[in-house]
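Accompanying notes for the structure given below.
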Amino acid sequence: MTGRTSERYNPRVEEPRWQKAWDEARSFVLEPGDTREPYYVLEMFPYPSGRIHMGHVRNYTMGDVLARYKRARGFAVLHPMGWDAFGLPAENAAMQNKVHPKSWTYANIATMRNQLKSIGLGIDWTREFATCDVEYYSKQQKLFLDMLREGLVTRRQSKVNWDPVDMTVLANEQVVDGRGWRSGAVVEQRELNQWAFKVSDFAEDLLDALDGLEQWPEKVRTMQRNWIGKSEGLRLLFELDAPHGDFSSIEVFTTRPDTIFGASFVAISADHPLAKALSEQPAVAAFIAEAHRQGTATETIDKAEKLGVFTGLHVKHPVKPGATLPVYVANFVLMDYGTGAIFGCPAHDQRDLDFARRYGLPVVPVVLPEGADPAEFEVDAEAYTGPGRIYHSEFLDGLEVETAKKKIAGYFAARTVDNRPQGKVEVNYRLRDWGVSRQRYWGCPIPVIHCESCGIVPVPDKDLPVVLPEDVTFDRPGNPLDHHPTWKHVVCPSCGGAATRETDTMDTFVDSSWYYARFTAPHADTPTIPDVANSWLPVDQYIGGIEHAILHLLYSRFFTRAMKKTGHLSLDEPFKGLFTQGMVVHETYKDASGEWLSPADVTISGGDVRTATHAATGAPVEIGSIEKMSKSKKNVVDPDEIVRTYGADTARWFMLSDSPPERDVQWTEAGIEGSSRFLQRIWKLVGDALELFDVPAGAPDMADAETAAIRRLVHRTVANVGAEIEGLRFNRAVAQIYELSNGLAKFIAATAAAPTAGRIGALHEGIERLVQLVAPMMPHLAESCWAALGKTGMVCDAGWPEADPALLVDASVVLPVQVNGKRRGEVTVPKGSPNELVEREALSLEAVARMLEGKSPRKVVIVPDRIVNVVV
RNA sequence: GCGGGCGUGAUGGAAUGGUAGACAUACGGGACUUAAAAUCCCGAGGGUGUACACCCGUGUGGGUUCGAGUCCCACCGCCCGCACCA
1 MTGRTSERYN
11 PRVEEPRWQK
21 AWDEARSFVL
31 EPGDTREPYY
41 VLEMFPYPSG
51 RIHMGHVRNY
61 TMGDVLARYK
71 RARGFAVLHP
81 MGWDAFGLPA
91 ENAAMQNKVH
101 PKSWTYANIA
111 TMRNQLKSIG
121 LGIDWTREFA
131 TCDVEYYSKQ
141 QKLFLDMLRE
151 GLVTRRQSKV
161 NWDPVDMTVL
171 ANEQVVDGRG
181 WRSGAVVEQR
191 ELNQWAFKVS
201 DFAEDLLDAL
211 DGLEQWPEKV
221 RTMQRNWIGK
231 SEGLRLLFEL
241 DAPHGDFSSI
251 EVFTTRPDTI
261 FGASFVAISA
271 DHPLAKALSE
281 QPAVAAFIAE
291 AHRQGTATET
301 IDKAEKLGVF
311 TGLHVKHPVK
321 PGATLPVYVA
331 NFVLMDYGTG
341 AIFGCPAHDQ
351 RDLDFARRYG
361 LPVVPVVLPE
371 GADPAEFEVD
381 AEAYTGPGRI
391 YHSEFLDGLE
401 VETAKKKIAG
411 YFAARTVDNR
421 PQGKVEVNYR
431 LRDWGVSRQR
441 YWGCPIPVIH
451 CESCGIVPVP
461 DKDLPVVLPE
471 DVTFDRPGNP
481 LDHHPTWKHV
491 VCPSCGGAAT
501 RETDTMDTFV
511 DSSWYYARFT
521 APHADTPTIP
531 DVANSWLPVD
541 QYIGGIEHAI
551 LHLLYSRFFT
561 RAMKKTGHLS
571 LDEPFKGLFT
581 QGMVVHETYK
591 DASGEWLSPA
601 DVTISGGDVR
611 TATHAATGAP
621 VEIGSIEKMS
631 KSKKNVVDPD
641 EIVRTYGADT
651 ARWFMLSDSP
661 PERDVQWTEA
671 GIEGSSRFLQ
681 RIWKLVGDAL
691 ELFDVPAGAP
701 DMADAETAAI
711 RRLVHRTVAN
721 VGAEIEGLRF
731 NRAVAQIYEL
741 SNGLAKFIAA
751 TAAAPTAGRI
761 GALHEGIERL
771 VQLVAPMMPH
781 LAESCWAALG
791 KTGMVCDAGW
801 PEADPALLVD
811 ASVVLPVQVN
821 GKRRGEVTVP
831 KGSPNELVER
841 EALSLEAVAR
851 MLEGKSPRKV
861 VIVPDRIVNV
871 VV
């Protein structure tokens with residue numbers, strides 16, 4: 001039975017109807033025993049902050065289009081959804097609104113789940129979980145204990161970044177320009193006992209494996225490479241000419257041991273143990289204090305001058321017998337990289353040069369650039385860091401830099417200082433171990449117990465989970481778990497004596513480092529079912545924001561390796577394909593007093609110069625810059641409002657149109673209106689076609705020019721849209737669909753004027769294909785159209801249409817004809833015509849003859865079936 | 001400073017080294033309408049010209065090529081990331 005579609009399409013009725021139908025048919029639920037080829041699409045799961053924003057809509061729409069497309073292509077598509085539900089905002093809400101973090105979080109999840117369902121995502125909701133579910137975080141505790149057993153977790157006294165506002169420790173990655181990434185407060189340094197994951201154990205592998213991640217953006221791979229920051233160099237001992245207390249030598253790290261003959265000083269960090277030992281000297285103590293003060297205000301780092309203080313100590317020059325080098329404490333030497341000490345070769349390092357100029361130290365060039373005159377070459381204001389040959393360096397003279405590095409490394413390896421080899425080749429990484437202890441309540445409890453007699457005792461597996469207590473209070477700063485009257489007091493599992501629980505919880509980045517694996521067996525009693533995880537992983541296509549390029553992705557890569565080592569899965573890389581989508585941006589508006597205004601309160605009038613007025617008062621409004629949607633600038637558009645007004649399909653379509661998905665998309669009223677019009681246009685096309693379907697369909701007659709043209713367009717579009725979706729080029733897929741709908745509108749007009757059975761047959765084909773192509777993007781509309789066309793079953797189960805290869809190639813081709821590279825005309829020739837024929841046709845063009853002025857061409861370049869260029 | 005990316009109509013953007021501006025938005029004109037909305041049709045990079053047509057045009061300047069938005073070099077501008085990493 002076919003329905004008429006003369007009414008306007010009403011998403012408010014149709015969308016809930018199809019969402020219910022998919023739900024009841026369990027269309028996107030993966031049942032056990034599925035034999036289809038697996039494909040895993042995952043979008044970064046949301047933090048349940050309260051409401052969905054447009055960025056979510058864009059992110060999840062992209063994933064959904066791919067998931068629905070792959071499903072139509074016959075894959076068993078895993079497309080799950082969950083909640084990254086631990087974290088500070090819940091505690092902040094608890095403090096501000098006197099609501100428990102748990103009820104706040106689950107209420108937000110309920111709201112946001114409904115919002116996500118309202119945009120029609122093809123999600124397997126049976127797999128949903130939140131990281132704050134006991135079922136989830138208890139498995140995470142199991143992972144932690146397994147990793148502890150494997151030596152992948154350590155506990156160490158370490159200096160940590162302390163956020164004085166959030167009263168918690170921050171990872172280095174969470175400190176942005178010296179401030180807490182969430183609170184914005186200036187970060188202090190504190191010494192605490194911290195649990196840490198030994199990410200650095202995998203530094204080399206995490207770096208090397210980046211080369212294999214071919215479906216990741218180059219940008220992200222580069223950022224991770226830089227973050228890991230590998231450098232190969234030499235640890236080198238400088239012997240003090242006279243011991244100072246316990247110190248008889250200083251160990252430095254250098255990547256340029258080849259420049260040792262140009263050394264003119266040694267510098268140590270203000271945090272170096274020797275610096276502390278020297279702080280009995282007032283000048284040194286003052287300098288260290290000043291360095292610490294500077295260290296916390298790092299915004300001026302590039303302007304910071306290279307400052308130091310002479311310690312009065314000297315070291316023996318390691319290759320110049322009898323010579324010594326002065327030892328400084330310097331503000332530009334970092335304690336947590338290398339050994340916290342360097343030797344300075346001013347001629348070949350800019351920082352050393354700045355320092356040397358300031359303190360009047362010698363500048364001796366020892367690397368001579370190719371072609372430079374050794375008698376003339378000088379270093380003035382700029383250090384020379386390029387390649388060249390070593391000179392002024394005795395036994396290294398004449399060697400290339402790299403060769404000299406090897407030779408000098410061998411030289412120092414063979415000598416001893418303090419009964420150790422003087423030099424040792426070493427690889428250094430910037431990558432630090434990942435400190436995961438957080439002094440917060442709303443996180444996964446770290447499952448260990450502190451016992452006075454037994455020390456650190458892991459919670460036995462049988463005692464898991466360590467459940468967060470619910471009766472906590474937030475009326476004072478610090479960790480509520482620590483304040484809790486009873487929770488932390490336990491019996492030691494080892495000796496049975498009185499002991500206390502660890503009250504730190506895990507960094508929430510731990511929660512999101514393995515959730516993709518949990519989705520493969522979300523209800524299992526173990527963290528994963530390894531066989532099942534291995535069959536689904538890696539995630540074929542992961543989609544999310546560029547802001548996670550380093551932290552989340554690096555930690556997840558570490559976690560898969562750790563989970564492999566602890567037997568929970570057997571692969572290294574979690575995400576085969578990664579796509580980083582752009583943000584949703586919007587104009588900003590300000591009234592005369594400089595207050596931000598919401599787009600909903602602003603009326604825009606068009607014309608050549610757009611102007612804005614306040615909707616209620618008519619007062620003039622200034623149209624400001626285009627910014628990421630944010631509450632503070634009020635330039636947000638509420639997805640609920642859009643779904644209510646236009647429907648989910650319109651919002652989805654707009655999110656996919658126009659802008660390439662990796663770039664920012666600007667939300668505009670005109671854009672959403674345009675999408676809405678297009679949705680109605682498709683509905684109308686289907687209705688117009690239905691008007692004609694009283695005429696029985698016959699086999700399309702390819703002799704009819706209109707029929708042949710539309711069929712070519714239909715099949716070409718089928719082929720192209722599929723390819724564009726595979727490549728996540730949704731904006732180009734959208735453009736293709738626009739072209740098809742324009743073509744079909746014309747064909748409907750032609751068919752209405754002269755309906756033949758053959759044309760009706762071609763129209764059936766064209767309209768059905770259009771609906772199928774639109775289905776991943778506007779799934780509700782497509783279902784309504786499919787039903788209206790009288791098709792049985794749902795379009796989401798109809799599979800993906802195949803393009804007929806015969807219709808993808810034209811019998812004849814139009815070749816542009818250029819003269820000297822400028823287009824002067826065109827010739828139409830049969831496809832695959834011999835060059836002689838093409839040349840004859842091209843030269844016979846009047847425009848070409850005119851340009852030739854009777855002469856014969858110097859050359860005729862013919863690219864078969866592409867172009868002709870006549871060179872005069 | 002180092003690394004990565006980008007620069008095309010009024011706007012978002014298309015364009016395996018091969019017809020620059022697909023597709024959309026905004027705009028202008030027309031049809032329908034009492035009117036508006038919706039819908040449909042037409043126009044449109046800049047310039048010269050009655051037309052056929054021609055000239056110019058992808059940030060700037062060079063280069064490679066039969067042919068350059070695309071490749072190479074230099075420069076200008078914007079965006080992003082990292083940033084005293086020895």
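Under the numbering used here, the residue at position 735 of the first sequence is numbered 735, and the numbers go up by one with no gaps. Idealized CB from N, CA, C, for every residue including glycine. Computed from a prediction, not measured in an experiment: that's the story for all the values here.
| Item | Value |
| --- | --- |
| Are at least three pairs of beta-carbons, each pair with one atom in the region 481-491 and one in the region 100-116, less than 8 Å apart? | no |
| Starting from leucine 713 and walking both ways along the alpha helix (DSSP H), at which residues does that stretch end? | 705-726 |
| Please report the straight-line C-alpha distance between alanine 409 and valine 364, rounded to a whole angstrom. | 21 Å |
| Measure the C-alpha to C-alpha separation of isoleucine 543 and phenylalanine 558 and round it to an integer number of angstroms. | 19 Å |
| List in chain order: all unbroken alpha helix (DSSP H) runs of 4+ residues lying wholly within the region 442-471. | none |
| Could you give the residue range of the beta strand (DSSP E) that holds leucine 240? | 231-244 |
| Tell me which same chain residues have a C-beta within less than 8 Å of the C-beta of valine 868, skipping the five on either side of it? | Leu815, Pro816, Val817, Gln818, Val827, Val838, Glu839, Ala842, Val860, Val861 and Ile862 |
| Please indicate yes or no: does the CB of valine 467 lie closer than 7 Å to some heavy atom of the ligand PLP? | Only the bare structure without any ligand can be found here, which leaves the ligand PLP out of the picture. |
| What does the Cβ neighbour count give for phenylalanine 747, buried or exposed, with the cut at 16 atoms within 10 Å? | buried |
| Would the beta-carbon of alanine 775 fall within 8 Å of that of arginine 73? | no |
| Are the beta-carbon atoms belonging to glutamate 150 and threonine 566 less than 8 Å from one another? | yes |
| Please state the DSSP three-state secondary structure of glutamate 662. | coil |
| Going by DSSP, what residues sit across from lysine 822 in a beta bridge? | Val819 |
| What residue from Pro834, Asp241, Gly180 and Leu145 has the CA that sits closest to leucine 464's CA? | Leu145 |
| If you measure between the beta carbons of arginine 26 and phenylalanine 519, is that distance less than 8 Å? | no |
| Identify the residues that DSSP records as bridge partners of serine 605: which are they? | Thr611 |
| Is the beta carbon of tyrosine 9 less than 8 Å from the beta carbon of serine 784? | yes |
| Tell me the residue span of the beta strand (DSSP E) that contains glycine 312. | 308-316 |
| What residue range does the alpha helix (DSSP H) around valine 13 cover? | 11-25 |
| Since isoleucine 875 and alanine 341 should fall inside the 8 Å C-beta cutoff, what is the C-beta to C-beta distance between them, to a whole number of angstroms? | This structure cannot speak to residue 875, because the chain is shown only from 1 to 872. |
| Please go through the same chain and pick out, in chain order, the residues whose beta-carbon is closer than 6 Å to the beta-carbon of alanine 283, but skip the five residues on each side of it. | Val309 |
| Assuming arginine 275 contacts histidine 292 (C-beta within less than 8 Å), just tell me the rounded distance between them. | As written in the sequence, residue 275 is alanine, which differs from the arginine given in the question. Not quite, the Cβ-Cβ distance comes to about 11 Å (not below 8 Å), so this is no contact. |
| Kindly confirm or deny that the region 578-593 and the region 619-630 touch, where touching means at least three C-beta pairs closer than 8 Å. | yes |
| With distance defined between alpha-carbon atoms, name the residue in Phe343, Ser570, Val829 and Pro696 nearest to valine 315. | Phe343 |
| Quick one: Cα of glutamine 772 to Cα of alanine 699, how far? | 21 Å |
| Pull up the distance between the alpha-carbon of leucine 278 and that of histidine 244, whole angstroms please. | 9 Å |
| Would you mind listing the alpha helix (DSSP H) stretches within the region 354-415 that are 4+ residues and don't spill past its ends, in chain order? | 401-413 |
| Using alpha carbons as the reference points, say which of Ser103, Val379, His715 and Trp514 lies closest to glutamate 139. | With the sequence shown as reference, residue 139 is identified as lysine, and glutamate is not the correct amino acid for it. With distances taken between Cα atoms, lysine 139 lies closest to Trp514. |
| Using 10 angstroms around the beta-carbon of valine 416, count the other beta-carbons present and answer buried if the total reaches 16, otherwise exposed. | Per the sequence shown, residue 416 should be read as threonine rather than valine. Exposed. |
| Should the region 750-764 be called in touch with the region 34-46, which here means at least 3 C-beta pairs below 8 Å? | no |
| What's the C-alpha gap between threonine 528 and leucine 553? | 20 Å |
| What's the call for histidine 568, buried or exposed, on a 16-neighbour Cβ count within 10 Å? | buried |
| By Cβ distance below 6 Å, which residues in the same chain neighbour valine 65 in space, the five residues on each side in sequence not counted? | Pro776 and Met777 |
| Among Asp336, Arg358 and Thr339, whose alpha-carbon lies nearest the alpha-carbon of proline 346? | Arg358 |
| Report the partner residues of alanine 67 according to the DSSP bridge assignment. | Looking at the DSSP assignment, alanine 67 forms no beta bridge with any residue, so it has no partner. |
| Could you pull out every residue in the same chain whose Cβ sits closer than 6 Å to the Cβ of glutamate 232, ignoring the five residues on either side in sequence? | Val427 |
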